[in-house]
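The structure under discussion appears below in the form of structure tokens.
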Amino acid sequence: GARSVELPTYAFQRQRYWLQLTGAVRSGAGYDVDSRFWDAVEREDVASLVGTLAMDDENGWSAVLPALSAWRRGLRTQSEVDRWRYRVSWKPLTDAAAAGVRLSGSWLVVVPSEGVDDTAVVDALAGRGAEVRRVVVEAGADRAGLFSDVGSVAGVVSLLALDEAAGVVATASLVQALGAAGVEAPLWCLTRGAVSVGRSDRLVSAVQAQTWGLGRVAALELPERWGGLVDLPEVWDERAMARLVGVLAGSGEDQVAVRSSGVFGRRLVRATAGNAESWTPSGTVLVTGGTGALGGRVARWLAGAGAGAGAGAGAERLVLTSRRGLDAPGAAELVAELSGLGVEVSAVACDAADRDALRVLLEAEAEGLTAVVHTAGVLDDGVLDALTPERFEGVLRAKATSALNLHELTGELGIELSA
Ligand SMILES: NC(=O)c1ccc[n+]([C@@H]2O[C@H](COP(=O)([O-])OP(=O)(O)OC[C@H]3O[C@@H](n4cnc5c(N)ncnc54)[C@H](OP(=O)(O)O)[C@@H]3O)[C@@H](O)[C@H]2O)c1
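In terms of this note's numbering, the sequence shown has 299 at position 183, counting the first letter as 1, and numbering is strictly consecutive.
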């Protein structure tokens, strides 16, 4: 009865066309008693177990086996998933400042017209050989002509991100304007307190952190004219500025944090399983965007759907919000499905970016609220050159403004969240 099958052509698809061997066999340790037992458990093979252990099923194997099998499969899945997890880590770099680095050529220092003091940066660059030209950007002004006659440029340093009212949008416009003017020099964007390099280094500005998100996209889309991101400490003293110049002069790093203790480079490292904390939902859980694709999945999980490995242990009450509430497509069906799982559900129309509306909702749900899952979002993907302030506004409103509202209001109302 054998038949031939096509062999996989793609080496990494990992669909096996042969029997799975246990770890014991693979490692050559022999097909031992443990493996045989657990294989039978995973197959929920009562007959084989009863035979192996020379006992009858009156001891209740049929009842225990599915749970044991699910537990074992859950562990396997978890260890597989753990292998996919990565996290950011900051590695101390050799201090470039010590080498007495010099810059050359013409450097543009781009500053917002108000609120940001660029003296230290300008002095540091000029003091180390750069011919500095300041370009002051007025808020909301047309940037098309700003770089039309800048001539040959060795590098561009932007302080626009430091303006928390408009920094990320202004930085995107700067990238566009430099491209339109044909300025090929690498662009470096400075922030202050936008990343945290370790436990004792607090992330001060979530707003400036947005520029780090933007910068990583710019690095991928426009590698030929991207310099990097440099996060500066609170105090811009001589040593910090010397370190900044060391980075600009070419350290081979493009995501760097300058701190009083040294210079750190951003790295992606494998997350160990120990980084994952398990969490069991209880009481009331609020899911923003709960009627959307992601929110619906989260809600099913919270309600304990798909019992077994990885299932939520079951919140008692779910509050699903979106701007349309029950009028959103599929919302009524989702509520019915979740109610069928024995959880109390309400779908509420509430714009999470509308602080007053959110406050009313949170006040009403404060008692019993144990967790918030913020899945609300507006999808509007596009390449950097096609971004507009309006597109930023739409996406940031649903995601970032709403997150800030949730964070601040739960704090103000004294709601203690477990997640
Ligand atoms: N789907 C995925 O596989 C996936 C994976 C990773 C990340 N994400 C991210 O997760 C987010 C949600 O994705 P999705 O696929 O679930 O999108 P979706 O199906 O469009 O759902 C978005 C939900 O958010 C709601 N919403 C939008 N603005 C809101 C606001 N201001 N206040 C309250 N609710 C609001 C929407 O309902 P109303 O329009 O009625 O407000 C909708 O219920 C996005 O940011 C997306 O980038 C998605």
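The beta-carbon is built from N, C-alpha and C at its ideal position, and this holds for glycine as well.
- Taking C-beta atoms as the reference points, Glu432 and Gly399 count as a pair closer than 7 Å.
- Contact annotation: Ala257 and Trp223 have beta-carbon atoms that are not nearer than 7 Å.
- When beta bridges are read from the DSSP output, Gly314 appears opposite Asp317.
- Contact annotation, Leu330 with Val374: C-beta distance approximately 20 Å; criterion of less than 8 Å not satisfied.
- Set against 6 Å, the gap from the CB of Arg439 to the closest heavy atom of ligand 1 is smaller.
- Residue environment: Arg359 is assigned as buried (16 or more neighbouring CB atoms within 10 Å of its CB, all protein chains considered).
- The beta carbon of Ala444 sits closer than 6 Å to at least one heavy atom of ligand 1.
- Of the heavy atoms belonging to ligand 1, none sits nearer than 6 Å to the Cβ of Gly271.
- For Phe380 and Ala310, the gap between their C-alpha atoms comes out near 13 Å.
- Counting C-beta atoms within 10 angstroms of its own C-beta, Asp150 has fewer than 16 neighbours from the protein chains shown and is therefore classed as exposed.
- Boundaries of the beta strand (DSSP E) around Trp342: 342-348.
- The residue among Ala465, Asp472, Thr287 with its C-alpha nearest the C-alpha of Glu254 is Thr287.
- In its chain, beyond the 5 residues on either side, Val251, Val253, Ala293, Ala297 have a beta carbon closer than 8 Å to the beta carbon of Leu262.
- Contact annotation, Leu436 with Gly406: C-beta distance approximately 3 Å; criterion of less than 8 Å satisfied.
- From the listed residues Trp206, Asp233, Arg119, Ala282, the smallest Cα separation to Pro505 is found for Ala282.
- Ranked by Cα distance from Leu434, the first of Ala452, Ala444, Asp443 is Ala452.
- In this structure Val476 is exposed. Its beta-carbon is surrounded by fewer than 16 other beta-carbon atoms within 10 angstroms.
- The alpha-carbon of Ala334 is positioned some 15 Å away from that of Phe508.
- A heavy atom of ligand 1 is found nearer than 6 Å to the CB of Ala492.
- In this structure, Thr526 has its CB at a distance of at least 6 Å from all heavy atoms of ligand 1.
- If the five residues before and after Gly245 are omitted, its C-beta is found closer than 7 Å to the C-beta atoms of Arg218, Leu219, Ser220, all from its own chain and listed in chain order.
- Between Val248 and Val232, the beta carbon gap of about 16 Å keeps them out of contact (Cβ cut-off 8 Å).
- For Trp134, the three-state secondary structure derived from DSSP is coil.
- The residue among Glu337, Ala118, Ser377, Arg119 with its C-alpha nearest the C-alpha of Leu209 is Ser377.
- Here Ala492 is not near Ser534, since their CB atoms are 7 Å or more apart.
- Within the model, the alpha-carbon separation for Glu340 versus Arg130 is close to 36 Å.
- Listed as beta-bridge partners of Glu460 by DSSP are Arg433.
- For Gln371, the number of other beta carbons within 10 angstroms of its own is at least 16, and it is reported as buried.
- For the pair Trp328 and Leu306, the CB atoms are not nearer than the 7 Å cut-off.
- Glu280 and Asp234 have their C-alpha atoms spaced approximately 15 Å apart.
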